[in-house]
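What follows is one structure encoded as structure tokens, with my remarks underneath.
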Amino acid sequence: MSQVKLQESIVTSSRPAAAGQSAANASKKARQSRKGFYASGLYASRATSGVSSRKSGEEKGVWSKYPRLPNDQGGEDTPKPLLEDDKKVSYDTKETMESPLTEADLEADVDIEISETDTIWLLDIKPKLVNPETDGDLAELIKQRNEAYKALLADKVGNDKYVAREMNTLEATKMTKPCQTDEIGRSEFGNTASGWDMFDSFQAQLEKEKADRFEKKTDEELAKEAEQQQGDDPLEDNRRPLEPTSKSPAFVGRQSTTPSVLDSEFGTVRESVAMTAEEQAQLDAILTSPKLKQTLFIIERAVVQNNSQNLLATYRHLPIIELDKTGDSEAEASQALLVRQKSGASLSPHLAYLWRYSCPAVKGQAVTCMVWNKQNKDILAVSYGKHEYEPEMKNGLVCCWSVKNIQQPERVFRTKSGVTALSWSTQFSYLLAAGLFDGHVLIFDVRTGSQEPVFDSYLSPGRHFGPVRQLEWVRKEAGKHEETQEVLVSASSDGRVIQWSIRKGFEFKELMKLKRVTTVLPGPSQKQKQQKADALISRQASGSSMAFNPNDKNVYLVGTEDGNLHKCSCSYNEQYLESYFGHSSPVYSVKWSPFLTDVFISCAADWTINLWQADRTRPVTTMGSSTKSINSLSWSPKSSCIFACVNDGQLEVWNMAHSTLDPIITEPTDEDTGRYTHVLFSDNSDSLLVGDAQGNVQVFKLENMPSAPKNQAEALDRVIQLALKTELNASQTA
1 MSQVKLQESI VTSSRPAAAG QSAANASKKA RQSRKGFYAS GLYASRATSG
51 VSSRKSGEEK GVWSKYPRLP NDQGGEDTPK PLLEDDKKVS YDTKETMESP
101 LTEADLEADV DIEISETDTI WLLDIKPKLV NPETDGDLAE LIKQRNEAYK
151 ALLADKVGND KYVAREMNTL EATKMTKPCQ TDEIGRSEFG NTASGWDMFD
201 SFQAQLEKEK ADRFEKKTDE ELAKEAEQQQ GDDPLEDNRR PLEPTSKSPA
251 FVGRQSTTPS VLDSEFGTVR ESVAMTAEEQ AQLDAILTSP KLKQTLFIIE
301 RAVVQNNSQN LLATYRHLPI IELDKTGDSE AEASQALLVR QKSGASLSPH
351 LAYLWRYSCP AVKGQAVTCM VWNKQNKDIL AVSYGKHEYE PEMKNGLVCC
401 WSVKNIQQPE RVFRTKSGVT ALSWSTQFSY LLAAGLFDGH VLIFDVRTGS
451 QEPVFDSYLS PGRHFGPVRQ LEWVRKEAGK HEETQEVLVS ASSDGRVIQW
501 SIRKGFEFKE LMKLKRVTTV LPGPSQKQKQ QKADALISRQ ASGSSMAFNP
551 NDKNVYLVGT EDGNLHKCSC SYNEQYLESY FGHSSPVYSV KWSPFLTDVF
601 ISCAADWTIN LWQADRTRPV TTMGSSTKSI NSLSWSPKSS CIFACVNDGQ
651 LEVWNMAHST LDPIITEPTD EDTGRYTHVL FSDNSDSLLV GDAQGNVQVF
701 KLENMPSAPK NQAEALDRVI QLALKTELNA SQTA
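Sequential numbering from 1 applies to the sequence shown in the UniProt record's numbering.
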């Protein structure tokens with residue numbers, strides 16, 4: 001049965017039937033209409049026009065909502081599906097049915113037009129910039145908001161209305177979910193090696209190594225071959241690097257002559273001797289071998305000691321051997337100066353200049369600290385930097401000098417900030433601790449010479465926030481079943497004393513937080529005035545120096561920038577054991593006597609040097625000969641009554657057994673050295689080392705010094721008793 005498009009609208013007249021139309025005609029037309037409607041056997045939906053047929057005469061004036069099909073008997077033959085479908089059809093809905101495609105339709109050509117698809121934007125971010133010309137109102141609004149935000153930021157600085165506060169952040173909830181993974185494959189493997197198999201394998205390897213050693217030629221054999229080919233000794237050029245190595249920035253063990261330099265030195269050999277590739281490779285291996293570097297290092301020391309034999313012999317109290325004049329100009333000048341000093345020297349105590357430790361890398365850097373190695377007394381560590389803040393702070397340096405090579409340092413360590421304190425470890429003599437101006441503490445291993453410290457406090461929560469003023473290694477008494485350990489203690493300007501342990505990383509422990517105390521003057525009236533005058537702005541005190549008691553490592557002294565000294569204990573971190581009042585300016589140095597355990601000495605910026613007893617809060621005696629700040633002092637290791645100090649103008653050597661009013665030796669500064677910054681006695685010689693602001697460390701020989709007393713402790717005690725007796729007589733006279 002063919003399908004055709006059918007569209008039918010059943011419309012009933014809205015007007016009443018004509019007067020001459022009979023009910024029979026109406027019924028007949030209705031049957032014809034119904035017959036024609038169902039004749040095709042098709043089901044079609046109809047769209048009503050919104051006008052319904054008029055009901056019979058009994059219901060005149062009432063319009064039917066749905067079209068009706070009456071029968072001959074006056075009943076209604078309207079099918080029920082038609083009524084149900086009409087309820088679902090809207091007034092303007094039109095539905096059509098299309099016939100399926102025929103073979104001809106499928107064979108017909110179809111035109112397909114392909115056009116570009118519209119651009120699809122996956123991400124569209126609106127710009128945060130506006131154009132004042134095009135977006136006038138919006139631009140003006142944004143300008144006002146920016147100005148208001150800038151004003152808000154400016155008002156926050158120093159405004160009490162804004163308070164920093166911590167907030168809790170919501171952590172995202174995490175869920176643990178199992179997931180399926182690939183199966184882990186396992187396999188077992190086994191093998192058996194017999195005794196003869198292992199013997200053959202190792203024997204073949206040993207024979208190969210023996211053949212390789214036999215094929216390699218030593219440097220002496222290469223020299224002989226070159227001499228046979230050229231007639232001259234090519235290893236004569238090997239002696240050329242000796243002069244450059246003495247001027248190198250560091251010794252051979254740390255930064256030895258590089259292969260490129262050695263290649264240039266041996267260029268004559270390669271150019272004059274036609275060598276094969278194998279011979280050239282062997283020569284390169286010799287030039288870069290550690291054994292050659294060590295040999296050059298030893299030869300460099302030997303040459304320097306030969307040139308400076310008179311100076312080194314004087315330093316070590318050895319006889320002077322007459323040698324040919326092969327030294328450099330500086331060594332000759334030092335020897336000539338030493339001869340003139342000895343020829344015209346008087347019998348009074350004086351200083352004889354020997355040499356100076358200096359190199360181009362330290363020019364312009366002030367010497368801040370000097371310490372001798374605890375095991376090898378010939379090794380001196382010197383730090384370079386600044387004690388005070390400057391707008392353009394330079395990097396710091398640490399140089400390790402040796403008496404065996406007085407021209408160049410054997411180790412050079414560079415730091416990001418100036419170095420202010422140094423200390424050698426006693427238990428591990430190769431560990432050198434350095435305190436920096438920015439508050440960090442570094443520990444270097446001088447065996448390797450690496451620029452990277454083995455321990456540092458860069459990421460430690462206990463690091464200092466001010467310059468580190470003093471460092472000292474201390475051996476701590478452990479428990480019964482524990483070994484005695486060595487810890488590092490640092491004092492800083494931030495007012496804290498920190499203990500560092502290297503047993504498990506670089507752990508810290510706060511020993512003391514320095515607090516200011518009120519200076520109490522004698523007399524009740526003076527005490528009240530002092531309490532009223534001292535209105536402390538901050539309760540925190542700044543540490544400037546520190547010293548541990550040599551006999552009791554649990555007790556230490558701390559000097560502050562207020563001028564006070566405090567006796568502290570490692571067992572108590574809340575209060576001082578004792579406070580000492582005698583200085584009115586920062587205490588730059590404090591040292592315990594190496595002969596009396598309860599006596600110490602201090603110097604400060606108030607031009608004075610004070611001698612103390614541990615059980616007296618006032619100084620035993622006060623010394624001073626100039627109106628300049630005392631920067632550093634050092635006890636003599638051979639005489640209990642002798643100490644040395646330096647100020648901005650001169651070096652002074654005092655003998656308290658002789659006088660407490662004037663020093664026995666004074667050495668003024670000159671234009672080349674600038675002001676003196678640090679002083680240190682030699683541990684194995686009657687010499688004195690002085691550092692200055694230009695990076696020089698001058699070595700002086702102490703001549704005609706008084707002999708050391710037989711009983712060192714009694715000699716110092718007599719000085720103290722004499723000072724106390726003088727003070728008592730003065731108070732009674734007043």
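We put the beta carbon where it would ideally sit given N, CA and C, even for glycine.
Please read these numbers as outputs of a predicted model, since none were measured by experiment.
Distance, residue j Cα to residue i Cα
i: Asp438; j: Ser544; result: 15 Å
i: Val412; j: Gly695; result: 14 Å
i: Glu133; j: Asp124; result: 24 Å
i: Thr257; j: Thr560; result: Per-residue confidence for Thr257 stands at a pLDDT of 37, beneath the threshold of 50, marking its modelled position as unreliable; the derived number appears in the next sentence. The straight-line gap from Cα to Cα measures roughly 47 Å.
i: Val303; j: Phe595; result: 40 Å
i: Arg516; j: Arg616; result: 19 Å
i: Asp200; j: Ser194; result: 10 Å
i: Ser49; j: Leu141; result: Here Ser49 scores only 39 on pLDDT, less than 50, and its place in the model should not be relied on; the value that follows carries that caveat. Spanning the two alpha carbons is a distance of roughly 59 Å.
i: Arg254; j: Ser348; result: Only weak support exists for where Arg254 lies, its pLDDT of 38 falling under 50; the value from the coordinates is given anyway. Their backbone Cα atoms lie some 44 Å apart in a straight line.
i: Gln721; j: Ile601; result: 16 Å
i: Ala547; j: Val558; result: 7 Å
i: Ser659; j: Gln407; result: 38 Å
i: Gln205; j: Tyr458; result: 48 Å
i: Ser90; j: Ile112; result: The predicted model places Ser90 with a pLDDT of 48, which falls under 50 and marks its position as unreliable; any figure quoted below should be read in that light. Those two C-alpha atoms are separated by around 36 Å.
i: Asn307; j: Glu667; result: 27 Å
i: Asp155; j: Ala164; result: 14 Å
i: Arg618; j: Leu577; result: 15 Å
i: Ile609; j: Gly449; result: 39 Å
i: Leu716; j: Asn310; result: 35 Å
i: Glu727; j: Glu483; result: 47 Å
i: Leu633; j: Tyr357; result: 20 Å
i: Ile642; j: Thr673; result: 25 Å
i: Val441; j: His464; result: 8 Å
i: Phe189; j: Gln203; result: 26 Å
DSSP bridge partner residues for residue i (one or two, in chain order)
i: Trp401; result: Leu380
i: Thr415; result: Gly396
i: Val653; result: Ala644, Ile665
i: Met546; result: Val558
i: Trp592; result: Phe600
i: Phe465; result: Per DSSP, none; premise fails for Phe465.
i: Lys513; result: Arg496
i: residue 769; result: Because residue 769 is not part of the residues shown, which for the chain are 1 to 734, the question remains open.
i: His678; result: Gly691
i: Ile609; result: Cys603, Met623
i: Cys369; result: Ser383
i: Val487; result: Val474
Residue environment, residue i, which counts as buried when at least 16 other CB atoms sit within 10 Å
i: Arg186; result: exposed
i: Ala730; result: exposed
i: Leu152; result: exposed
i: Thr368; result: buried
i: Ile120; result: exposed
i: Ala381; result: buried
i: Ala285; result: exposed
i: Tyr315; result: buried
i: Cys359; result: buried
i: Glu300; result: buried
i: Trp401; result: buried
Contact belief for residue i with residue j at Cβ below 8 Å, rounded distance in angstroms
i: Val403; j: Tyr384; result: Contact doesn't hold; Cβ gap of about 20 Å is too wide.
i: Arg675; j: Asp692; result: 7 Å
i: Ile379; j: Ile443; result: Ile379 to Ile443, Cβ: 17 Å. No contact.
i: Leu488; j: Ala433; result: 5 Å
i: Val620; j: Leu724; result: 6 Å
i: Ser571; j: Asn551; result: Contact flag wrong, Cβ pair sits at about 16 Å.
i: Trp473; j: Thr426; result: 6 Å
i: Gln375; j: Ser429; result: 4 Å
i: residue 779; j: Ala657; result: Outside the displayed span of the chain (1 to 734) sits residue 779, for which this structure offers no information.
i: Leu397; j: Gly435; result: Contact flag wrong, Cβ pair sits at about 14 Å.
i: Gln575; j: Asp598; result: That belief does not hold up - the Cβ atoms of Gln575 and Asp598 are roughly 21 Å apart, past 8 Å.
Short CB-CB distance (under 7 Å) between residue i and chain C
i: Leu123; result: Among the chains in the structure shown there is no chain C, since it carries only a single protein chain.
Any non-hydrogen atom of the ligand NAD within 6 Å of residue i CB
i: Ser593; result: Here there are no bound small molecules, and the ligand NAD is not part of this structure.
**Report entry** Minimum length 4: unbroken alpha helix (DSSP H) runs contained in the region 123–165
**Finding:** Fully enclosed alpha helix (DSSP H) runs of no fewer than 4 residues occupy 136–156 of the region 123–165, in order along the chain.
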